[in-house]
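Residue numbers (our numbering): 410 to 635.
Note that the Cβ used here is the ideal one computed from N, Cα and C, for glycine as well.
Have a look at the structure below before the remarks.
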């Protein structure tokens, strides 16, 4: 039996999109101080989601599940920057500059106070901040672009990616599309990401991304694996 409209064709059979919570990882995208209220490049609504992202990271830690914090780092005067911001950074603009307070991850979402090791991250290596919890640097929109994220997730035994963080139209969206292209089951935590809209959420559902809220994810993680 076939269901669906012109955009998709869904055939009865194996289910490849339902989250596998026992093999899930949380990916927090671009949650850095410069993107919060009052920051150098504030994204409306991002400060408001920090408490829910903190609740998610706490739940994943309690469940023993992996967490990856994905960050941007723009060297003032450098050009390895996404195109919309490249001129500003080349001219010395300071947004999430390595070593700056604005580049740091809000303390609420981390297991303990930590400063980013910018040189390590810019060299393409992960920074461990807790048990099964790392920070990775990405130079463009997607958390998978020029990063070790896919290998790290595979090493952790994950087949499901749960995404939260900053500015859905840009980096979370690109990350979800790339997760799907790599055959990861994908979940967006809609109340733990900024800049959502019905149209953006509908587009993600059309490629098989499951939408959930923070409470639903926390309850799912608390159910023992069979």
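By Cβ distance, which residues of its chain are closer than 8 Å to residue i, with the 5 residues on each side in sequence left out?
i           : result
residue 533 : 546, 555, 556 and 557
Could you tell me whether the Cβ atoms of residue i and residue j are closer together than 7 Å?
i           : j           : result
residue 630 : residue 605 : no
residue 438 : residue 581 : yes
residue 617 : residue 426 : yes
residue 482 : residue 462 : no
residue 601 : residue 570 : no
Whose C-beta lies closer than 6 Å to the C-beta of residue i among residues of the same chain, with five residues either side of it excluded?
i           : result
residue 455 : 444, 445, 575 and 603
residue 492 : none
Check residue i in the structure and name its three-state DSSP category.
i           : result
residue 479 : strand
residue 545 : strand
residue 617 : coil
residue 551 : coil
residue 486 : coil
residue 612 : helix
residue 417 : The predicted position of residue 417 is uncertain, since its pLDDT is 49 and thus under 50; no value can be drawn from it.
Could you tell me the distance, in whole angstroms, from the CA atom of residue i to the CA atom of residue j?
i           : j           : result
residue 560 : residue 450 : 31 Å
residue 592 : residue 621 : 19 Å
residue 542 : residue 464 : 15 Å
residue 528 : residue 613 : 34 Å
residue 505 : residue 513 : 8 Å
residue 544 : residue 467 : 16 Å
residue 597 : residue 619 : 6 Å
residue 507 : residue 423 : 45 Å
Starting from residue i, trace the beta strand (DSSP E) in both directions and tell me its first and last residue.
i           : result
residue 630 : First-last for residue 630: 623–630, but that is the alpha helix (DSSP H), not the beta strand (DSSP E).
residue 564 : Note, residue 564: premise wrong, no beta strand (DSSP E); alpha helix (DSSP H) at 558–564.
residue 435 : 433–438
State the start and end residues of the unbroken alpha helix (DSSP H) segment that holds residue i.
i           : result
residue 524 : Looking at the DSSP string, residue 524 is not in any alpha helix (DSSP H), and its letter there is neither H nor E.
residue 591 : Premise fails: residue 591 is in no alpha helix (DSSP H) and is neither H nor E.
residue 456 : 455–471
If I measure Cβ to Cβ from residue i and keep anything under 7 Å in the same chain, skipping five residues before and after, which residues do I get?
i           : result
residue 510 : 442
residue 354 : No statement about residue 354 is possible, as the shown extent of the chain runs from 410 to 635 and does not include it.
residue 587 : 551 and 553
residue 584 : 436, 438, 551, 552, 553 and 572
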